[in-house]
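2 protein chains.
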Amino acid sequence: MESGLDMQLLMDTALGRRPADLVVRNGTLMDVYTGRMLPGRSVAVAGEWIAHVGPDLGYAVGPETRVIEADGRVICPGFIDAHTHLINYFNIPEFLSYAIPSGATCLIAELECYGFILGAEGVRIFLEQTEASPVKIYTLVPPMVSLSPAAESLMITPEQLAGLFEDPRVIGLGESFWQAPILQSDPRILGLIRETHKAGRSVQGHAAGAFDRKLAAYAAIGVESCHEAISTEDVLNRLEMGFYAMIREGDIRRDLEIILPLRDKIDFRRVILVTDGTNPGLLIQKGYLKDVVQKAVDLGIDPMEAVRMVTLNPAEHLGLDKLTGGIAPGRHADLLILPDPRTIRPQWVISKGRVVAEEGRMTVPVPEAHYPDRLMNTVRAPVVSPSAMAVPESCADREGMVRTLDIQPGGLVAREGRARPRPVSGYLAADSAEDLLKVFFMERISGRGESFVGFVRGWGQKRGAVATTLCWDTGGIIGIGENDEDLAAAVNRLIAIQGGTVIVVGGEPKLEIPLRAGGYVSELKMPELAGRLLRFQEVMASLGTGLDFAHLTLSVLTTPAIPFIRLTEKGYYRFREGDIVRLGS
Amino acid sequence: MESGLDMQLLMDTALGRRPADLVVRNGTLMDVYTGRMLPGRSVAVAGEWIAHVGPDLGYAVGPETRVIEADGRVICPGFIDAHTHLINYFNIPEFLSYAIPSGATCLIAELECYGFILGAEGVRIFLEQTEASPVKIYTLVPPMVSLSPAAESLMITPEQLAGLFEDPRVIGLGESFWQAPILQSDPRILGLIRETHKAGRSVQGHAAGAFDRKLAAYAAIGVESCHEAISTEDVLNRLEMGFYAMIREGDIRRDLEIILPLRDKIDFRRVILVTDGTNPGLLIQKGYLKDVVQKAVDLGIDPMEAVRMVTLNPAEHLGLDKLTGGIAPGRHADLLILPDPRTIRPQWVISKGRVVAEEGRMTVPVPEAHYPDRLMNTVRAPVVSPSAMAVPESCADREGMVRTLDIQPGGLVAREGRARPRPVSGYLAADSAEDLLKVFFMERISGRGESFVGFVRGWGQKRGAVATTLCWDTGGIIGIGENDEDLAAAVNRLIAIQGGTVIVVGGEPKLEIPLRAGGYVSELKMPELAGRLLRFQEVMASLGTGLDFAHLTLSVLTTPAIPFIRLTEKGYYRFREGDIVRLGS
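Chains as they are written, first to last, in our numbering: chain A, 1 to 585; chain B, 1001 to 1585.
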């Protein structure tokens, strides 16, 4: 990968033939390479790059040189989030205005959302949107494992992947759930992995629930990381199999505690802290990378180890070691100045040689991301009538029973159940008294709007309907309703506004969260968006839904990442059987 | 880089759908990833690859499976020599028959010798010669920093380098002495470094004597390693600057002790043990990688750390981590079985899934290397007469003084001196009583045999002459003589036998060491070659040379790697001045 390193400029600066552009003077350097804290160090910067790191760089200060007096404070490498999702909920510039002051100078983004609406073109749009970012943003190409047959038409092929790898910011293949290559020997996924090996890029993994033989098989095909360890034992199993173990502190899970028993027992060089994405409320309330590192330090992890898990370790893992992850000549000048080793609060954030944030606030503008038309009109489906939600009695089996999707406590896992819906005039009706509601999925990929209506339990809503275009791992609309009219109205409203989440009760919109870009990303400011999502949770609670993260529960109904039964436009998808089934037996 | 990983085979083996080809059963696994010793582990191998590593792999054993009972012994990753020279003295198969039983399963070779006689073509020949090796052999492209103007015509260009990188075994750019890019801003060298960055390969360094600003400048241009630390302080300086620090235990130096003060004080993850090449005598007497690791353990370095310095650390450094350096599924099955963690004596050596050595002996044949004609006829120079060694009095300055090359104690460094040679019939004569001898260098690149005659002190020879084609960092013949007749005879003998080292006294050959391949490599068996080199030292001692390693002293007279004055075909090269000067002032 071409780095653009200006060798002559750097030599001239290091040798003292020209002054540095920036000198951070007299700090305590976190030398992540040896694990030492080195007092009395200065860092000389030329352009985007570090030219020299040493005890006395007075010679590098000229009349035009910006000098930051570290005054004994800690000079720490900028943080890397090695596994995140940047195109859910918030738009990228809005996110960066929080992430950068939090110390993030390098982000590795999964792109499945854009993939499931625009295929390879989605990756290109993301690359354009992030090109002018003040921090490094790399992307992984989504392997696009979907349960939804309509998604087939958008699947990125190995040939397309090879083309995408021509951009050096395309750093590897995104998380490919282990089931597709290992249990199904999916030739397209295996082809993508092979192509990624060929290009010398990284294959990111997702080995939730795999152990022993299956975990070995997943490692054996050349998958290099897993961010799905949820216990100490999981961490050890993954490390022993040669994976980098990414520990999550974000939206989906907060698992940092699982590595505490390993302190001083194992080498953490292959352990990485990641967020795996966050959401607006969490971002505002819990912060971002600085807060993850602070939590690690507060839990008793040595600050050097904590910092290395978001700097050198991910840089080495992803082949970025020559560029970032430590403070040394020839690396990007990605630096944080911290008050002391145990206070992870960047007073200055320097990215590619430029001060981008001070005391928690951006000091440079974040360029707006361009959202092209083809990204703003992705809800390609016909308007539906309430009759589209009707389920004829004939869909039940001979005993009048239907399959149900039963949401389990926690709101993520769902199991297959059976119920006997109340027949009304030849149709099967939802029954909120029994917590038996209609669940609807319509794909928005083909333009034909193929759809399926099933039944769900465990959602708890007593009145109205809810729908969202923010579906995991396919392009579509998920809805749940207590009556067909509201359900159809919610779905139609999403088509009208081209993406978002809505609640409709008695024909009246109760709440709207616009997610216009791709049906995933909002143009709202972060606090406003966080407020709407909080309001969503409150309205859902007032309607009877007792789930802790109702929006997440709704969004994941289409994902292959969480067992045991999910939705597709052709029917339920059952993991154990690996089949799609309709309502009756 | 395409690895040839057979994903289906590995999945099938890991999942138990087919038996493994080889199972190493019930050993104590060195888990270099976490730093733990894991008892009761087995390793299942399919083809060249590890399919599974776990506590009980009985399921993987079928009727055809070869089983090695480790019986609690240590299963250790195969060793990597990350910086060596494979084409000095011994031929490759002969070397491998020593190196492989010593635990080497991966070698990274510098190729400057082939470069200085055949340019880029030399690299291609080496790749052919090592293609069928039972262990992995990678090569670095020589940046070819030479003092000799004739070498210009062979210099590898950035365009040629890009072509060579098409072979995945060309792993990077070899050691580029820091002076050329940093002090001279040599545009070709900077171009080679840029091309290497572009290809995502590794830039190996050589920062002997550089510190502070110059060391920073060298790091800043993207050089990634240095194997020239000769003190503890050097090691720390290099690590802090972001270099991998390679510690030498080989032919040139044995420096392992310099890292002892750092034990338990710094993280060794970026410290690597290398040989930097060896010679036949040393190889027989001191062994190879196993003996280096044994020395580290005997000096009190934890076996896990010692092993990681020749396994995981170099693998990570060189981008080979996905392929080797640890024992995990998807890696090459490069394994050693050791009696216990402190006894570094491989009972079995397994390379790419095949048992290649047992109890110190090869169990598979090492394929012969092919030496094409163009490699066997490289001493392209006209026969010389004794008169070519004559130095007219007019070459001295007005006071009759000439510059001399004064070999310093230790035999490597040489300083510029001045002497007044005895004039005889209008010519300046050598004078062994004053230890003032003729020193001769003739290039063997252009075919014209351009040459220079100077004077040397500190060599000590009382009678006869010596000459060799084994010149560092250029293609030529170096000779030293007490009289012109023997000196010319020695040089002519080398032209006749197309390479080697000879001693001639009174017109009689006293010793010959044929080095036919390129003038660098012998076809002799290792013990015979070691015997000849020992005999060389004895004969030279009997002739009055008191140097400890006389052959090495002779060979390095042309290298830019050792200051302060060297030989070229145009005259002396002086480092400080960066110029070529002839005899007089």
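Idealized CB from N, CA, C, for every residue including glycine.
Every value quoted in this text rests on a predicted model; they were computed, and no experiment measured them.
Chain B contact residues for residue i, given Cβ-Cβ distances below 9 Å
{"i": "G353 of chain A", "result": "Those do not exist, as G353 of chain A stays about 13 Å from chain B at its closest Cβ, beyond 9 Å."}
Rounded Cβ spacing between residue i and residue j (contact assumed at less than 8 Å)
{"i": "G119 of chain A", "j": "L154 of chain A", "result": "4 Å"}
{"i": "E1601 of chain B", "j": "K1352 of chain B", "result": "The structure shown does not extend to residue 1601 of chain B, since chain B spans only 1001 to 1585, so no value can be given for it."}
{"i": "T568 of chain A", "j": "L147 of chain A", "result": "5 Å"}
{"i": "L1335 of chain B", "j": "I1075 of chain B", "result": "6 Å"}
{"i": "P560 of chain A", "j": "F177 of chain A", "result": "6 Å"}
{"i": "I495 of chain A", "j": "A381 of chain A", "result": "6 Å"}
Backbone secondary structure at residue i - three-state DSSP
{"i": "T558 of chain A", "result": "helix"}
{"i": "T13 of chain A", "result": "helix"}
{"i": "R480 of chain A", "result": "The residue asked about is misnamed: residue 480 of chain A is Ile in this sequence, not Arg. Strand at I480 of chain A."}
{"i": "M1 of chain A", "result": "A caution first: M1 of chain A carries a pLDDT of 42, below 50, which makes its placement in the model too unreliable to give a value."}
{"i": "M1030 of chain B", "result": "strand"}
{"i": "M401 of chain A", "result": "coil"}
{"i": "P1149 of chain B", "result": "helix"}
{"i": "I108 of chain A", "result": "strand"}
{"i": "E1228 of chain B", "result": "coil"}
{"i": "A429 of chain A", "result": "strand"}
{"i": "R1036 of chain B", "result": "strand"}
{"i": "V307 of chain A", "result": "helix"}
{"i": "T553 of chain A", "result": "helix"}
{"i": "D579 of chain A", "result": "strand"}
{"i": "Y288 of chain A", "result": "coil"}
{"i": "P1134 of chain B", "result": "coil"}
{"i": "S542 of chain A", "result": "helix"}
{"i": "H85 of chain A", "result": "strand"}
{"i": "S1385 of chain B", "result": "coil"}
{"i": "P1423 of chain B", "result": "strand"}
{"i": "E508 of chain A", "result": "strand"}
{"i": "P1527 of chain B", "result": "helix"}
{"i": "F211 of chain A", "result": "coil"}
Residues bridged to residue i [DSSP beta-bridge criterion]
{"i": "L236 of chain A", "result": "Beta-bridge pairing links L236 of chain A to no other residue."}
{"i": "H362 of chain A", "result": "One point to set straight first is that residue 362 of chain A is Met, not His, in the sequence displayed. DSSP output for M362 of chain A lists A:A357 as bridge partner(s)."}
{"i": "S176 of chain A", "result": "A:G205"}
{"i": "W1049 of chain B", "result": "B:A1046 and B:H1332"}
{"i": "T1139 of chain B", "result": "B:A1109 and B:V1170"}
{"i": "G1571 of chain B", "result": "B:T1568"}
{"i": "A1390 of chain B", "result": "Paired residues: none, contrary to the question."}
Contact list for residue i against chain A, beta-carbon separation under 7 Å
{"i": "D1212 of chain B", "result": "G54"}
{"i": "E1316 of chain B", "result": "E316"}
{"i": "K1295 of chain B", "result": "Correct list: empty, because the minimum Cβ distance to chain A is about 22 Å."}
Closer than 8 Å at the beta carbon, the chain B residues around residue i
{"i": "M7 of chain A", "result": "P1181, L1190, I1193, R1194, A1220, I1221 and G1222"}
Contacts of residue i in chain A (Cβ-Cβ under 8 Å)
{"i": "W1049 of chain B", "result": "A220"}
{"i": "M1011 of chain B", "result": "P181, I182, S185, A217, A220 and I221"}
{"i": "K1136 of chain B", "result": "Residues of chain A passing the Cβ test: none, with the nearest at roughly 16 Å."}
{"i": "G1326 of chain B", "result": "G242"}
Contact list for residue i against chain B, beta-carbon separation under 7 Å
{"i": "P329 of chain A", "result": "A1216, A1219, A1220, M1241 and G1242"}
{"i": "K322 of chain A", "result": "G1222 and E1224"}
CB contact below 7 Å: residue i versus chain C
{"i": "T1275 of chain B", "result": "Included in the structure are the protein chains A and B, with no chain C among them."}
**Report entry** Contacting positions in the stretch 14-42 of chain A - beta carbon closer than 9 Å to chain B
**Finding:** A14, L15, G16, L29, D31, V32, Y33, T34, G35, R36, L38 and R41
**Report entry** Residues in the stretch 1255-1270 of chain B having any Cβ partner in chain A nearer than 7 Å
**Finding:** I1266, D1267, R1269 and R1270
Query raised in the report: If you measure beta-carbon to beta-carbon, which residues of the stretch 1187-1212 of chain B are closer than 8 Å to chain A?
Result: L1190, I1193, R1194, H1197, K1198, G1200 and D1212
Query raised in the report: Which of the residues in the stretch 1148-1171 of chain B, read from start to end, lie with their CB under 7 Å from any CB of chain A?
Result: none
Query raised in the report: Between the stretch 1345-1374 of chain B and chain A, which residues of the former have a C-beta closer than 8 Å to a C-beta of the latter?
Result: none
Query - chain B contacts from the stretch 238-252 of chain A (Cβ-Cβ distance under 7 Å) - result: L239, E240, M241 and G242
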